[in-house]
Ligand SMILES: Nc1ncnc2c1ncn2[C@@H]1O[C@H](COP(=O)(O)OP(=O)(O)OP(=O)(O)O)[C@@H](O)[C@H]1O
Ligand SMILES: [Mg+2]
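Okay, here's the thing in structure tokens:
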């Protein structure tokens, strides 16, 4: 009996280890190999280096001269800048519109409210590739030239949904009698909104904004369709690099992005804890 | 009447039902609450108590009728412009604000100067016995403490009228009883009118100057606790307020005879014969020594159960004709209760003069 139980426990531990290995091993490998000195075969460890990091941050060095994979660091920096501009703009627009919509749906009853709510879910459920093609056809049809503007508009179409859902979830958990209590104590609707509703939905708004930012930074498929030929976001840039073979700099870029995402997620968690 | 603090005139409210039709929550309610009065609204769930409070505070718009507070017609004013404050059933404390911020909220809205504000917040917290808890968040308080915060928050703006919607229902029995006394004391100190909602009849009787018994959106009776208990206006009030034994039947020459054959003696007289309901409170009964022969006012019952209540016994029995009876017997009659328990039957005596006769067949009027 005890023997069987011991096997069971061991089995559970092994399973847990394998499970986490399955999820995290590839990521760990990327981080490890981003310090690998071998310029050609990145799966063969040939010493520690931070050259790839120096290279993506624009410092030329022996390794990069030898490898010459990134034709120009400027391209990478431009891609990062585009991504940040896009992410910042879409986050602001999607957060404002998504939150406003969620508040309106929460506050008012209007004809077709349920249907409207479903409509807001659809962009999230739609396959990226379909949305990408649809947006492309739309932009071309309307005659808007593709570029950073179309990327921002295009990403907003589905990021608003994410913000809407996160903020709505927060609103749904809110006690409506609090609004009555506020009015009862003499506050008009605007004061009640500012002092009671807004502070309580704020964690949802911040959460929605962080989510929108991360998704925007990360989006490849949809952005790929609507970015045109002259504009590159970071994911598109990396995708382009990979098409010419897997290069060691990619590991370094991925590691930096990972660090960046973790920082944002940690900030989100911290804010949520503080606000609860 | 210039003296009244609140006056409702034929207040009507019906809610539409999703499946069509309407439910009447307030059925032409006329109500007056005097200055400094502690009025309790008592009634079963769904009878319209909350709706009535919400009509006064402005969260429910009346279909018809008018509401006056301190002589002013407030019927068309939004909630934030009515001189009325509420203690909500679930307290509705603002979770993101500290106790001090919650209590001071009404003062912030009124732009009270800082120094006055902090003094009044301190005084209000002192009053409800929460001094020093200013910087706690509501979730860091016990249920009873939250209740006090809600109370302090509602009285700080010195409303003319305080509405309390079952404020004690979430508290345990002991805490509830001590809060009942505190509320009553507070009301006397503040000198403002309270409208207090409960569905606990004991609470209603102990706390109020007057009790309004509601059912189906209309006031069945409004009177002092004693009068509501001793002279219920109808069978509904009799059965809802306090434990009761009701016998419906025909009143004829000093006797009420039920269709089943039970007979209740009474001093009440009727011209000819009339349909009435006779009310006997459990504590009106005593157990007869021996057979109780000769006594006119008696009920023979078979014993079903005897419960020791501390102050005495609760004897549950049934007449030969199948009418359930409950009697509260004082501890002094211990011997009689013991013998009744053995013989499984007893004769209950009562005073015919104390039998309360309610006109009508006992249907809800
Ligand atoms: N917003 C509403 N929409 C529809 N019907 C309502 C609404 N509010 C109350 N009602 C109905 O009106 C009637 C009175 O409700 P109310 O809340 O006043 O009862 P109550 O006496 O406070 O009951 P309880 O003791 O359970 O709190 C009920 O039948 C209820 O179903
Ligand atoms: Mg209620």
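Protein chains in written order, with my numbering: chain A, 8 to 283; chain B, -14 to 350.
Think of the CB as a built atom: it goes at the ideal place given N, C-alpha and C, for glycine as much as any other residue.
Treat the numbers as computed from the prediction; the structure is a model and nothing was measured.
Sequence-distant partners of residue 42 (chain A) (beyond 5 residues in either direction) whose C-beta falls short of 7 Å from its own C-beta, in its chain, are 55, 56 and 57.
C-alpha of residue 214 (chain B) to C-alpha of residue 230 (chain B): approximately 13 Å in a straight line.
Of all residues in the stretch 181 to 211 of chain A, those with a C-beta nearer than 7 Å to a C-beta of chain B are 182, 184, 185, 187, 188, 190, 191, 192, 193, 194, 195, 198, 203, 206 and 207, reading in chain order.
Look at residue 40 (chain A) here: in three-state DSSP terms it is helix. Listed in chain order, the non-local C-beta contacts of residue 221 (chain A) below 7 Å within the same chain comprise 268 and 271, local neighbours out to five positions each way being set aside. Residue 74 (chain B) has its Cβ nearer than 7 Å to a heavy atom of ligand 2. Under DSSP, the beta-bridge partners assigned to residue 260 (chain B) are B:235. With a threshold of 16 other beta carbon atoms within 10 Å, residue 139 (chain B) meets it and is buried. The beta carbon of residue 153 (chain B) lies closer than 6 Å to those of 161 and 164 in the same chain, with the five residues before and after it left out. At least one beta carbon of chain A lies nearer than 8 Å to the beta carbon of residue 90 (chain B). By the C-beta criterion, the stretch 239 to 254 of chain A is judged not to be in contact with the stretch -2 to 14 of chain B, since fewer than 3 inter-stretch pairs fall below 8 Å.
The Cβ of residue 219 (chain B) sits no closer than 8 Å to any Cβ of chain A. Within chain A, the residues 191 have their CB atoms less than 7 Å from the CB of residue 71 (chain B), given in chain order. Here residue 36 (chain A) is exposed. Its C-beta has fewer than 16 other C-beta atoms within 10 Å. For the stretch 81 to 155 of chain B, the full-length alpha helix (DSSP H) segments reaching 4 residues or more read 84 to 94, 99 to 112 and 128 to 140 along the chain. Identification of chain A residues near residue 184 (chain B) by a Cβ-Cβ cut-off of 7 Å yields none; the smallest Cβ-Cβ distance measures about 19 Å. Shortest gap from the CB of residue 25 (chain B) to any heavy atom of ligand 2: 7 Å or more. The beta carbon of residue 77 (chain B) sits closer than 8 Å to some beta carbon of chain A. In terms of side-chain proximity, the C-beta atom of residue 55 (chain B) is found no nearer than 7 Å to any non-hydrogen atom of ligand 2. The beta-carbon separation of residue 198 (chain B) and residue 225 (chain B), rounded to 6 Å, stays under the 8 Å limit for a contact.
Non-local beta-carbon contacts of residue 185 (chain A) in its own chain, meaning distances under 7 Å to residues more than five positions away in sequence, involve 203 in chain order.
Here residue 134 (chain B) is buried. Its C-beta has 16 or more other C-beta atoms within 10 Å. 8 Å or more divides the Cβ of residue 301 (chain B) from the Cβ of residue 245 (chain B).
Residue 0 (chain B) is outside the set of residues whose beta carbon lies under 8 Å from a beta carbon in chain A. DSSP places residue 0 (chain B) in the strand class (E or B) of the three-state scheme. The C-beta of residue 60 (chain B) comes no closer than 8 Å to any C-beta of chain A. For residue 35 (chain B), the CB falls within less than 7 Å of some heavy atom of ligand 1. Residue 183 (chain A) and residue 124 (chain A) have their C-alpha atoms some 20 Å from each other.
About 5 Å separates the beta carbon of residue 101 (chain A) from that of residue 167 (chain A), a gap short enough to meet the 8 Å contact definition. Of all residues in the stretch 36 to 57 of chain B, only 39, 42, 43 and 44 place a beta-carbon less than 9 Å from a beta-carbon of chain A. Counting the other CB atoms within 10 Å of its CB gives residue -10 (chain B) a total of 16 or more, which places it among the buried residues. Within 7 Å of the C-beta of residue 310 (chain B) there is not a single heavy atom belonging to ligand 1. Residue 57 (chain B) carries a strand assignment under DSSP once its states are collapsed to helix, strand and coil. The beta-carbon distance between residue 193 (chain B) and residue 25 (chain B), rounded to whole angstroms, is 4 Å. This is short enough to meet the 8 Å contact definition.
Residue 327 (chain B) and residue 206 (chain B) have their C-alpha atoms some 42 Å from each other. Around the C-beta of residue 330 (chain B), fewer than 16 other C-beta atoms lie within 10 Å, and the residue is accordingly described as exposed.
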